[in-house]
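Step one of this worksheet: look at the structure below.
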Amino acid sequence: MEQFRRFKVWWITQPPNPWPEELDDAVKREDSKRVCFHCMAPQTDRAWFCPKCGAAVGPYNNTMPFLTVFSTGEMLRAGTGSRLKRSPLITVGYFMIGLTQYMVFAPFFLYRFFKNRNRSAIEEHEDSDGNGAPQ
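Those letters in the sequence shown? Residues 70 to 204, per our numbering, in order.
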């Protein structure tokens, strides 16, 4: 019975809010501006994609049949062109999504994905050694 009580307490307790109260209020104000999560460029209220970087910023992009194609394409492009966090879950996820989305062209996508993954690993190694480019 003690384990059940501990589980219930663990389930009910919420972590503390990491944001200060004034920041929370500033985000919820009517005059606050929406920004792109990728490049922090200001967005209009009716934008579906960021005009600066092309990231999907619309409120319902992933649920609209036509726009979800572009959101998926952006996500897959990020796997082949940008710096990724290296984790087994991300690697397996991109591998599975690449196979299901591209089928015949999956080998080309997976080649670019693993090439980018290795490039990210080399850059991380250079940054940790201090042999990277000076900033």
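Every residue, glycine too, gets a C-beta built ideally from N, C-alpha and C.
Remember, predicted model here, so these are calculated numbers, not experimental data.
Check: Opening and closing residue of the alpha helix (DSSP H) in which T113 lies; Outcome: That residue, T113, is in no alpha helix (DSSP H); it is neither H nor E in DSSP.
Check: Span separating the alpha-carbon of D161 from that of K154; Outcome: Looking at the sequence itself, residue 161 is Val, so the reference to Asp does not match. Cα-Cα distance, rounded: 13 Å.
Check: Three-state secondary structure (DSSP) of A125; Outcome: strand
Check: Whole-number beta carbon distance between F118 and V126, since they are thought to touch under 8 Å; Outcome: 6 Å
Check: Buried or exposed (CB count within 10 angstroms, at least 16 for buried), Q83; Outcome: exposed
Check: Contacting residues, own chain, Cβ-Cβ under 7 Å from S140 (five flanking each side not counted); Outcome: A125, N130, N131
Check: Beta-bridge pairing of R103 - partner residues as DSSP gives them; Outcome: Q112
Check: Cβ-based burial, I81 [other Cβ within 10 Å; buried from 16]; Outcome: exposed
Check: Under the three-state DSSP convention, the category M70 falls into; Outcome: coil
Check: Neighbourhood of C108 by C-beta, 6 Å cutoff - its chain only, sequence neighbours within 5 removed; Outcome: K121, C122
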